[in-house]
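Numbering (the numbering used here), first residue to last: 1125 to 1612. Data first, discussion second: the structure below is written as structure tokens.
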Amino acid sequence: MAKAITSRSEDYSQWYIDIVKRAGLADNSAVRGCMVIKPYGFAIWEKMRDQIDLMFKETGHVNAYFPLFIPKSFLSREAEHVEGFAKECAVVTHHRLMNDPNGGGVVVDPSAKLEEELIVRPTSETIIWHTYKDWINSYRDLPLLINQWANVVRWEMRTRLFLRTAEFLWQEGHTAHATREEAVAEAELMQKVYADFAEQYMAMPVVKGTKTPNERFAGAEETYTIEALMGDGKALQAGTSHFLGQNFAKAFDVKFLNENNVEEYVWATSWGVSTRLLGGLIMTHSDDDGLVLPPKLAPTQVMIVPIPKPAVEIDEAAGIIMKALKAKGISVDYDTDPKKRPGFKFAEHELKGIPVRIGIGKRDLAKGTVEIARRDTKEKTFQPMEGVAEYIEQLLEDIQNNLFDRAVQYRADHTTSVDNFDDFKEVIESKGGFVSAHWDGTDETEKKIKELTKATIRCIPLNAEEEEGACILTGKPSKRRVLFAKAY
RNA sequence: CGGGAUGUAGCUCAGUCCGGUUAGAGUGCACGUCUGGGGGGCGUGAGGCCGAUGGUUCGAAUCCAUUCAUCCCGACCA
1125 MAKAITSRSE DYSQWYIDIV KRAGLADNSA VRGCMVIKPY GFAIWEKMRD QIDLMFKETG
1185 HVNAYFPLFI PKSFLSREAE HVEGFAKECA VVTHHRLMND PNGGGVVVDP SAKLEEELIV
1245 RPTSETIIWH TYKDWINSYR DLPLLINQWA NVVRWEMRTR LFLRTAEFLW QEGHTAHATR
1305 EEAVAEAELM QKVYADFAEQ YMAMPVVKGT KTPNERFAGA EETYTIEALM GDGKALQAGT
1365 SHFLGQNFAK AFDVKFLNEN NVEEYVWATS WGVSTRLLGG LIMTHSDDDG LVLPPKLAPT
1425 QVMIVPIPKP AVEIDEAAGI IMKALKAKGI SVDYDTDPKK RPGFKFAEHE LKGIPVRIGI
1485 GKRDLAKGTV EIARRDTKEK TFQPMEGVAE YIEQLLEDIQ NNLFDRAVQY RADHTTSVDN
1545 FDDFKEVIES KGGFVSAHWD GTDETEKKIK ELTKATIRCI PLNAEEEEGA CILTGKPSKR
1605 RVLFAKAY
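As structure tokens, this is what we get:
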């Protein structure tokens, strides 16, 4: 194993790949664009998933599961939707293999051609709304608040571990409502749920906003987004929530009778976050020594390392500490591997982002203390054995808060307001980050700016104040600033 | 789909230009040993149809052709 990972300043992209691989999060697989999520990476995903799932249930949603395959014809029911996804779909055309009569292994059996091809879901609006038609008849059937945890496939041209893979894991919520207002409220609520999760658990600050028509989800009337800023100054769309209007209800003929016995189309939302969040987590906190995990999402929050190796007194002290930590609901492990040396273990656990390390050596024990090292700042202190669990409980909270504060500060330092196009280009090209600027509200201007600078409008922030201004490109009047950035 | 590159040990790569016994290194792995407060030292060992196919040649990892795959940079995207 090489001793160091590529430094962030040297090659950010390679640094990211090094972290993912060396920390044991994921690997490339035999299938192009598809990754193997390794146990440690999956453990983090499980922590995230469990928490998000809890938050969904607290807001009244239930889980269900819909098929992986979607009849091809479903995709063409909603015109914009097919436009948005058709180019990147995997298609199942046959259902059987046979031995090659020429001895070349197995080949597709031409007689097993499907009557109608099946699409491997890139997202499930169509199959779900086809199903909802049967489930919804009356206003009493509404709202329908359903989520599913699933894998989806989008045949991307270029992939990156976690950030963009051909197959990825996600959740997709699909809700049906009696009124426009209620559906809009739902879409906004889920954006808030995502933002709360990102900030309180991932310690990743996000900007809540709406997408421009150009960046909107295919088939949506409004897309609410949470946008995070990564360590290289690029933005990451971390989660989206869509108000779908009546588009899917009309495409799949989903109507209900209201209280006045009048037939109406249903109003819809859909919303999702994916394993991409793991990429965001990595790029928000990690450093040149490896992964840095916020305590709330760390599979192991505390690692105890015996120095230099396990021994009776050390094992005893470790046992006492572990018991006290576990009683507080803190996950802790004791690294008893006799073959590996302390220095190796320190580096290894730092690489894996374990928030707190406790070093116990005989020298310390004689003084009744242990060494405590925090991952986020690399600071080490000596603490008395007495009350060490309370100290660590507080320390984990401090680390969680410090990571968030640090990320907020970074974002503040990398958010720039500009009022003319020269400054805009300069900031996008050199400093990066979010650029707050006026825009005339047109598709053409947005596309032109993207062409010229590669920056896109990440969102129209929810909290944007009304402010008279002039579009940085065209000089036309604008009522508020929007956030631009280069994005993943 | 355009542009660029690479396929040799589990991993990272040298060797290829200029063909010549038995294909190398580092790291990882196994065993032994001395160690032990920030990625240890020494010793021994296992591990390869040099991406695939076909050619040229007395002889191919090396030259030629074809092919497959992967990676990077673009356009597309959560």
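Idealized CB from N, CA, C, for every residue including glycine.
Residue burial classification, residue i (beta-carbon count within 10 angstroms, cutoff 16)
{"i": "residue 1365", "result": "buried"}
{"i": "residue 1155", "result": "exposed"}
{"i": "residue 1533", "result": "exposed"}
{"i": "residue 1506", "result": "exposed"}
{"i": "residue 1270", "result": "buried"}
{"i": "residue 1218", "result": "exposed"}
{"i": "residue 1494", "result": "buried"}
{"i": "residue 1189", "result": "exposed"}
{"i": "residue 1555", "result": "exposed"}
{"i": "residue 1159", "result": "buried"}
{"i": "residue 1501", "result": "exposed"}
{"i": "residue 1134", "result": "exposed"}
{"i": "residue 1465", "result": "exposed"}
{"i": "residue 1259", "result": "exposed"}
{"i": "residue 1599", "result": "exposed"}
Whole-angstrom distance between residue j and residue i, CA atom to CA atom
{"i": "residue 1304", "j": "residue 1267", "result": "12 Å"}
{"i": "residue 1125", "j": "residue 1468", "result": "Reliability fails at residue 1125, whose pLDDT of 38 lies under 50, so the model's placement of it is uncertain and the value that follows must be treated cautiously. One C-alpha to the other measures close to 11 Å."}
{"i": "residue 1179", "j": "residue 1233", "result": "47 Å"}
{"i": "residue 1399", "j": "residue 1361", "result": "12 Å"}
{"i": "residue 1449", "j": "residue 1517", "result": "8 Å"}
{"i": "residue 1562", "j": "residue 1139", "result": "34 Å"}
{"i": "residue 1588", "j": "residue 1559", "result": "13 Å"}
{"i": "residue 1131", "j": "residue 1488", "result": "34 Å"}
{"i": "residue 1230", "j": "residue 1220", "result": "10 Å"}
{"i": "residue 1284", "j": "residue 1428", "result": "34 Å"}
{"i": "residue 1611", "j": "residue 1323", "result": "20 Å"}
{"i": "residue 1452", "j": "residue 1216", "result": "51 Å"}
{"i": "residue 1416", "j": "residue 1432", "result": "25 Å"}
{"i": "residue 1374", "j": "residue 1538", "result": "43 Å"}
{"i": "residue 1187", "j": "residue 1170", "result": "16 Å"}
{"i": "residue 1342", "j": "residue 1141", "result": "31 Å"}
{"i": "residue 1247", "j": "residue 1346", "result": "17 Å"}
{"i": "residue 1332", "j": "residue 1440", "result": "49 Å"}
{"i": "residue 1579", "j": "residue 1235", "result": "50 Å"}
{"i": "residue 1338", "j": "residue 1527", "result": "34 Å"}
{"i": "residue 1277", "j": "residue 1512", "result": "47 Å"}
{"i": "residue 1241", "j": "residue 1473", "result": "48 Å"}
{"i": "residue 1592", "j": "residue 1604", "result": "7 Å"}
{"i": "residue 1390", "j": "residue 1203", "result": "18 Å"}
{"i": "residue 1275", "j": "residue 1192", "result": "8 Å"}
Three-way DSSP call (helix, strand, coil) for residue i in this model
{"i": "residue 1452", "result": "coil"}
{"i": "residue 1480", "result": "strand"}
{"i": "residue 1457", "result": "strand"}
{"i": "residue 1427", "result": "strand"}
{"i": "residue 1538", "result": "coil"}
{"i": "residue 1345", "result": "coil"}
{"i": "residue 1126", "result": "Model confidence at residue 1126 stands at a pLDDT of 41, short of 50, so the residue's coordinates are unreliable; what they give is reported in the following sentence. Residue state, collapsed to three classes: coil."}
{"i": "residue 1514", "result": "helix"}
{"i": "residue 1597", "result": "coil"}
{"i": "residue 1591", "result": "coil"}
{"i": "residue 1573", "result": "helix"}
{"i": "residue 1147", "result": "coil"}
{"i": "residue 1261", "result": "coil"}
{"i": "residue 1505", "result": "strand"}
{"i": "residue 1566", "result": "coil"}
{"i": "residue 1066", "result": "Nothing about residue 1066 can be reported from this structure: the residues present for the chain run from 1125 to 1612 only."}
{"i": "residue 1376", "result": "coil"}
{"i": "residue 1441", "result": "helix"}
{"i": "residue 1155", "result": "coil"}
{"i": "residue 1607", "result": "strand"}
{"i": "residue 1498", "result": "strand"}
{"i": "residue 1137", "result": "helix"}
{"i": "residue 1557", "result": "coil"}
{"i": "residue 1466", "result": "helix"}
Residue ranges of each alpha helix (DSSP H) within the region 1168-1242, 4 or longer: 1196-1199 and 1203-1209
Cβ pair count under 8 Å reaching 3, the region 1161-1168 against the region 1304-1314: no
The region 1379-1397 in contact with the region 1306-1322 per 3-pair CB rule at 8 Å: yes
Spell out a yes or no on whether the region 1349-1363 and the region 1402-1410 are touching, meaning 3 or more CB-CB pairs, one atom from each, closer than 8 Å. yes
Could you pull out every unbroken beta strand (DSSP E) segment of at least 3 residues lying fully inside the region 1263-1303, listed in chain order? 1268-1277 and 1291-1301
Sequence ranges, beta strand (DSSP E) only - wholly within the region 1378-1418, length at least 3: 1379-1381, 1387-1389 and 1391-1398
Enumerate, from N- to C-terminal direction, the unbroken alpha helix (DSSP H) stretches of 4 or more residues contained entirely within the region 1300-1374. 1304-1324
When you compare the region 1286-1293 with the region 1250-1257, are there three or more beta-carbon pairs, one atom per stretch, that lie closer than 8 Å? no
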